[in-house]
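Remarks on the structure that follows.
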Amino acid sequence: MMVWSRPPPEQDLRHLCFRLKAGKMKRNKSRTDLKVCVVANPQKVKIKRIAEDICTFLRNRGTEILDLDKINRAEMVIVIGGDGMLLYTARFLRRAIPVLLISAGSFSFLSRLTPAEFRKNFNEILNGKYRIENRFMLSAYTGKQKFTALNEFVIERRTHRAVVLKVRINDRNFATYLCDGLILSTPTGSTAYSLAAGGPVVNPQLCAFILNPVSPHTLVNRAFVLSENDKVEIIPKNDCFLTVDGQEKIPVPAGNSVVVKKASSSFRLIQIGDSEFYKLVNRKLGSVSFRRQ
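Going by the working numbering, the letters in the sequence shown line up with residues 21 to 313, in that order.
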């Protein structure tokens, strides 16, 4: 198992800040031959302890645990923590591997599965008795660089001054914003930064994305829900940053365009038990109940 607490330099998986000794794997009659990569934050004592317990539990059942630099050889990735750790893990997946999030006390909108529930449901998980949600993702291109986001891309100012952002959709001029930034959010990310900026909540089963200006200098501010087939080009008139899932910042010089469109692959999120979206929204975000007069 590999675990980390901050992004490795240049996304090089050899520069990890912590390594947990894998140890010898026990062989027994119930050997599963399942290849799993377990990801957690070692600087959080509680989460590190849970990760060690989960690894022991898996080894005792004959599961092979891969190091993080072999994550793309795994048949399943288990993330222990909250949504932030899941977003971080998503950056390193080069193919659509099913990912299971075990919630460990952190705020999580994407999973309610506890370590105890994972152990209880392990045989069902092993036999494929779970649902996979294929989450829509976005790709961004700037210069010769390509990035993928599960939550959102944000084009944001580098200084305290507002930025001017020209937006083109499907090669046609759409709008020019004087604003603090621009959010391009997936349905998964619609309950994150975009929501705080006044954007709509979008069911994650939809294939669409949101264009949402941050603090625009106008009396009318509206977010737009775009089709999965739309292509958005942002041309900043000031130096900006492109932020990927709140994890990575890439400088974008004035005049350099950023093109955002649907990613070629989706994120495969394992769900176990009841995860009805609207119940989750009500519970996590505290929706207001209206009574008929």
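Glycine included, each C-beta is placed from N, C-alpha and C at the ideal position.
- S123 carries a strand assignment under DSSP once its states are collapsed to helix, strand and coil.
- Residue pairing by DSSP places G201 opposite E176, V234 in a beta bridge.
- The bridge partners DSSP lists for I270 are L262.
- Here V272 is not near K251, since their CB atoms are 8 Å or more apart.
- DSSP links K166 through a beta bridge to Y161.
- Taking a C-beta distance under 8 Å as the contact criterion, I290 and N141 do not qualify as a contact pair.
- S284 sits in coil when the DSSP states are folded into three classes, being neither helix nor strand.
- Here L107 has L170, N171, D265, G266, Q267 as same chain residues with Cβ atoms under 8 Å from its own Cβ, once five neighbours each way along the sequence are excluded.
- Taking C-beta atoms as the reference points, P207 and F173 fail to come closer than 8 Å.
- With distances taken between CA atoms, V184 lies nearest to S235 out of A136, I85, S235, P224.
- Setting aside the 5 residues that flank it on each side, K304 is surrounded in the same chain by F129, each with a C-beta closer than 7 Å to its C-beta; the list follows chain order.
- Judged by pairs of C-beta atoms under 8 Å, the region 88 to 106 touches the region 52 to 60, as three or more such pairs exist.
- Collapsing the DSSP output to three states places A228 in a strand.
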